[in-house]
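> These protein sequences, in sequence, are chains U and S. With the working numbering, the residue at position 72 of the first sequence is 72, and numbering never jumps. With the working numbering, the residue at position 56 of the second sequence is 211, and numbering never jumps.
2 protein chains.
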Amino acid sequence: MRANKIKRRAPVKLCDCGMAAATQILSDKWTLLIIREAFYGVVRFDDIRKDIGIPKAVLSNRLKKLVEQGILQKVTYQLEGERTRSGYVLTGKGRDLTLVFVAMMDWGNKHCLDGKSAVTILDKNDLQTLKLGLIGEKDFAQIRGLEDIHIRLKL
Amino acid sequence: MRANKIKRRAPVKLCDCGMAAATQILSDKWTLLIIREAFYGVVRFDDIRKDIGIPKAVLSNRLKKLVEQGILQKVTYQLEGERTRSGYVLTGKGRDLTLVFVAMMDWGNKHCLDGKSAVTILDKNDLQTLKLGLIGEKDFAQIRGLEDIHIRLKL
DNA sequence: TAACCTGAGTTTGACATGTGAACTCAGACT
DNA sequence: AGTCTGAGTTCACATGTCAAACTCAGGTTA
Numbered sequence: 001m002r003a004n005k006i007k008r009r010a011p012v013k014l015c016d017c018g019m020a021a022a023t024q025i026l027s028d029k030w031t032l033l034i035i036r037e038a039f040y041g042v043v044r045f046d047d048i049r050k051d052i053g054i055p056k057a058v059l060s061n062r063l064k065k066l067v068e069q070g071i072l073q074k075v076t077y078q079l080e081g082e083r084t085r086s087g088y089v090l091t092g093k094g095r096d097l098t099l100v101f102v103a104m105m106d107w108g109n110k111h112c113l114d115g116k117s118a119v120t121i122l123d124k125n126d127l128q129t130l131k132l133g134l135i136g137e138k139d140f141a142q143i144r145g146l147e148d149i150h151i152r153l154k155l
Numbered sequence: 156m157r158a159n160k161i162k163r164r165a166p167v168k169l170c171d172c173g174m175a176a177a178t179q180i181l182s183d184k185w186t187l188l189i190i191r192e193a194f195y196g197v198v199r200f201d202d203i204r205k206d207i208g209i210p211k212a213v214l215s216n217r218l219k220k221l222v223e224q225g226i227l228q229k230v231t232y233q234l235e236g237e238r239t240r241s242g243y244v245l246t247g248k249g250r251d252l253t254l255v256f257v258a259m260m261d262w263g264n265k266h267c268l269d270g271k272s273a274v275t276i277l278d279k280n281d282l283q284t285l286k287l288g289l290i291g292e293k294d295f296a297q298i299r300g301l302e303d304i305h306i307r308l309k310l
């Protein structure tokens, strides 16, 4: 290995590091799976529980924390012919996790799932395939906003 | 909330979901912080420990798992005038976490750190500022590879 | 050569958290 | 009035976390 790249200290202190701050909120066995449910539109306590197999006590605790942190909000809604219920949906702060979500999905598909991916991300308007990447200033205008994208299942 | 968006089940099973697979590997209080150290070039057991404040027993355990999973590899290296030592550096699979890293950093900076960011990501060649985003097919060629980027500290 | 220092762990034992099963409680249905 | 369902809470036990003490190998000092 190239010894000149070795550092004895990280150049950014934990308290100045957005990545470190984010991990403290997101890095828990269940939290990101709960947020995944929210992205897919599953809002009910028992539905989330059945989908991901989380113990009730833990789900209750995590939902509480996610609401405190402003990532989810508790809302009241009513499905056709059903009574009103409460559910948990993403706030703006929560929806802003989209790129984290996509980045993890891409990595997981490539390295844990033999490159298979279950969804494609499309431009909502022209249905063009979208890809996550780092791009230069002159192309910033080409970046799609969260309102302009659509997640489509394959097959 | 728009009731038509509510689902009773996630459309992608956990076992087919790259995101879910990724969370099972990464979602632990310390794992992503250890990977952060690796990105910054901190490779030694004790240096990592001092930087992030992780207990030795836990660090030992996590490094073992990260090596098993092929995200880090244990290497032998020698600094000028020091004896040979072993350290932990990113593999290709580990470096592929760059976009996850950047996505989490962007989110954490925006939502946990008042928009302050400690680093900028530049094109290694023309020092253009780079940004993470979803872009359309005709611009795929503008996406920078991991070899072409450079993380610069602000100030 | 012996004593010491440092890095990289392992062991220990108290404490915290996670877990599944059983319990609660309120609103709607019969 | 009794039952069902959704959304939790409580319990008792297994697992994980933590700080401090211990180990062990190489290199340094006396």
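By construction, the Cβ of each residue, glycine as well, lies at the ideal position given by its N, Cα and C atoms.
Give every residue of the same chain whose Cβ lies closer than 8 Å to the Cβ of Gln-78 of chain U, excluding the five residues on either side of it in the sequence, and list them in chain order.
Locating residue 78 of chain U in the first sequence gives position 78, where the first residue counts as 1. Answer for Gln-78 of chain U: Thr-84 and Arg-85, listed in chain order.
> Beta-carbon within less than 8 Å of Glu-160 of chain U's beta-carbon, same chain only, minus the 5 sequence neighbours each way: which residues are those?
With chain U covering only 1 through 155, there is no way to say anything about residue 160 of chain U.
> In the DSSP output, what is Asp-123 of chain U paired with across the bridge?
Here the question's residue 123 of chain U lines up with position 123 in the first sequence. Answer is U:Ile-149.
> Given a limit of 8 Å on CB to CB distance, which residues of the region 231-254 of chain S reach chain U?
The region 231-254 of chain S vs chain U, Cβ under 8 Å: Tyr-232, Gln-233, Leu-234, Glu-235, Gly-242, Val-244, Lys-248, Asp-251, Leu-252 and Leu-254.
> Judging by CA-CA distance, which residue of U:Ala-118, U:Cys-112, U:Ala-38 and U:Ala-10 is the nearest neighbour of Ile-71 of chain U?
Here residue 71 of chain U refers to the residue found at position 71 of the first sequence. Considering only alpha carbons, the answer is U:Ala-38.
> Using 10 angstroms around the beta-carbon of Arg-217 of chain S, count the other beta-carbons present and answer buried if the total reaches 16, otherwise exposed.
Numbered from its first residue, the second sequence carries residue 217 of chain S at position 62. By the 10 Å Cβ count, Arg-217 of chain S comes out buried.
> Answer with yes or no whether the minimum CB distance from Glu-292 of chain S to chain U is below 9 Å.
As a position in the second sequence, residue 292 of chain S is number 137, starting the count at 1. Yes, because at least one Cβ of chain U sits closer than 9 Å to the Cβ of Glu-292 of chain S.
> Please classify His-150 of chain U: is it buried, with 16 or more other beta-carbons within 10 angstroms of its beta-carbon, or exposed?
Taking the first sequence and counting its residues from 1, the one referred to as residue 150 of chain U is at position 150. It counts as exposed.
> Give the range of the alpha helix (DSSP H) segment to which Val-257 of chain S is assigned.
Here residue 257 of chain S refers to the residue found at position 102 when the second sequence is read from its first residue. From DSSP, the alpha helix (DSSP H) with Val-257 of chain S extends over 253-267.
> Does the beta-carbon distance from Cys-15 of chain U to Met-260 of chain S come in below 9 Å?
As a working note, residue 15 of chain U is residue 15 in the first sequence. As a working note, residue 260 of chain S is residue 105 in the second sequence. The answer is no: Cβ separation not under 9 Å.
> Thinking just about the alpha-carbon of each residue, which of S:Thr-253, S:Lys-168 and S:Met-174 is nearest to the one in Gly-53 of chain U?
Walking along the first sequence from the start, residue 53 of chain U turns up at place 53. Among S:Thr-253, S:Lys-168 and S:Met-174, the Cα nearest to that of Gly-53 of chain U is on S:Lys-168.
> Mind listing which residues of the region 251-280 of chain S have their C-beta closer than 8 Å to chain U's C-betas, in chain order?
Cβ contacts with chain U come from Asp-251, Leu-252, Leu-254, Val-255, Phe-256, Val-257, Ala-258, Met-259, Met-260, Asp-261, Trp-262, Gly-263, Asn-264, Lys-265, His-266, Cys-267, Leu-268, Lys-271, Ser-272, Ala-273, Val-274, Ile-276 and Asp-278.
> Per DSSP, which one or two residues make a beta bridge with Lys-7 of chain U?
Residue 7 of chain U sits at position 7 when you count from the first residue of the first sequence. According to DSSP, which records beta bridges pairwise, Lys-7 of chain U is partnered with S:Val-197.
> Shortest alpha-carbon distance to Val-67 of chain U belongs to which of U:Lys-131, U:Ile-25 and U:Lys-56?
In the first sequence, counting from the first residue as 1, residue 67 of chain U sits at position 67. For Val-67 of chain U, the nearest C-alpha among the options comes from U:Ile-25.
> Rounded C-beta distance between Leu-113 of chain U and Ala-176 of chain S? I'm assuming under 8 Å.
Mapped onto the first sequence, residue 113 of chain U falls at position 113. Mapped onto the second sequence, residue 176 of chain S falls at position 21. With a Cβ gap of about 6 Å, Leu-113 of chain U and Ala-176 of chain S count as contacting.
> Check Arg-74 of chain U in the structure and name its three-state DSSP category.
Looking up residue 74 of chain U in the first sequence gives position 74. At residue 74 of chain U the sequence reads Lys, which differs from the Arg that was named. Correct three-state label for Lys-74 of chain U: strand.
> Terminal residues of the continuous beta strand (DSSP E) containing Leu-287 of chain S?
In the second sequence, residue 287 of chain S corresponds to position 132, counting from 1. Element bounds for Leu-287 of chain S: 285-291.
> In the DSSP output, which residue or residues are listed as bridge partners for Leu-66 of chain U?
The residue you call residue 66 of chain U lines up with position 66 of the first sequence. Leu-66 of chain U is not bridged to any residue.
> Suppose contacts are defined by Cβ-Cβ distances below 9 Å. Is Gly-249 of chain S in contact with Ile-190 of chain S by that definition?
Here residue 249 of chain S refers to the residue found at position 94 of the second sequence. Here residue 190 of chain S refers to the residue found at position 35 of the second sequence. A contact, by the Cβ cut-off of 9 Å.
> If you drop the 5 nearest sequence neighbours on each side, which residues of the same chain put their C-beta closer than 6 Å to that of Asp-28 of chain U?
Translated into the one-based positions of the first sequence, residue 28 of chain U becomes position 28. No residues qualify anywhere along the chain.
> From what residue to what residue does the alpha helix (DSSP H) around Arg-250 of chain S run?
Counting from one through the second sequence, the residue named residue 250 of chain S turns up at place 95. That run of the alpha helix (DSSP H) goes 247-250.
> Near Gln-69 of chain U, what residues of its chain come up, given a Cβ to Cβ distance below 7 Å and the 5 sequence neighbours on each side ignored?
For the purposes of this step, residue 69 of chain U is identified with residue 69 of the first sequence, where counting begins at 1. Ile-25, listed in sequence order.
> Between the beta-carbon of Gly-108 of chain U and the beta-carbon of Val-43 of chain U, is there less than 9 Å?
Against the first sequence, residue 108 of chain U aligns to sequence position 108. Against the first sequence, residue 43 of chain U aligns to sequence position 43. It is not a contact, given that the beta carbons lie outside the stated cut-off.
> Pull up the CB-CB distance for Ile-298 of chain S and Gln-142 of chain U, whole angstroms please, since I reckon it's below 8 Å.
Taking the second sequence and counting its residues from 1, one reaches residue 298 of chain S at position 143. Taking the first sequence and counting its residues from 1, one reaches residue 142 of chain U at position 142. Not confirmed; about 11 Å, so no contact.
> Return yes when the Cβ of Arg-307 of chain S is within less than 9 Å of the Cβ of Val-255 of chain S, no when it is not.
In the second sequence, counting from the first residue as 1, residue 255 of chain S sits at position 100. In the second sequence, counting from the first residue as 1, residue 307 of chain S sits at position 152. No, Cβ-Cβ distance for Val-255 of chain S and Arg-307 of chain S is not below 9 Å.
> Please list the partners that Lys-56 of chain U has in chain S, where partner means a Cβ-to-Cβ separation under 7 Å.
Residue 56 of chain U sits at position 56 when you count from the first residue of the first sequence. Within 7 Å Cβ-Cβ: nothing; Lys-56 of chain U doesn't reach chain S, min ~18 Å.
> How is Ser-241 of chain S classed by DSSP in three states: helix, strand or coil?
Residue mapping note: residue 241 of chain S aligns to position 86 of the second sequence, counting from 1. Ser-241 of chain S falls in the strand class under three-state DSSP.
> Just verifying my parser: in three-state terms, what is the DSSP assignment at Gly-53 of chain U?
On the first sequence, position 53 is the one that residue 53 of chain U refers to. Looking at Gly-53 of chain U - three-state DSSP - the assignment turns out to be coil, as it is neither helix nor strand.
> Taking the alpha-carbon positions, what's the Leu-127 of chain U to Leu-252 of chain S distance?
The residue you call residue 127 of chain U lines up with position 127 of the first sequence. The residue you call residue 252 of chain S lines up with position 97 of the second sequence. Spanning the two alpha carbons is a distance of roughly 27 Å.
> According to the neighbour-count rule (16 or more other Cβ atoms, all chains shown, within 10 Å of its Cβ), is Lys-154 of chain U buried or exposed?
Reading the first sequence from its first residue, position 154 is the one you call residue 154 of chain U. Exposed is the call here.
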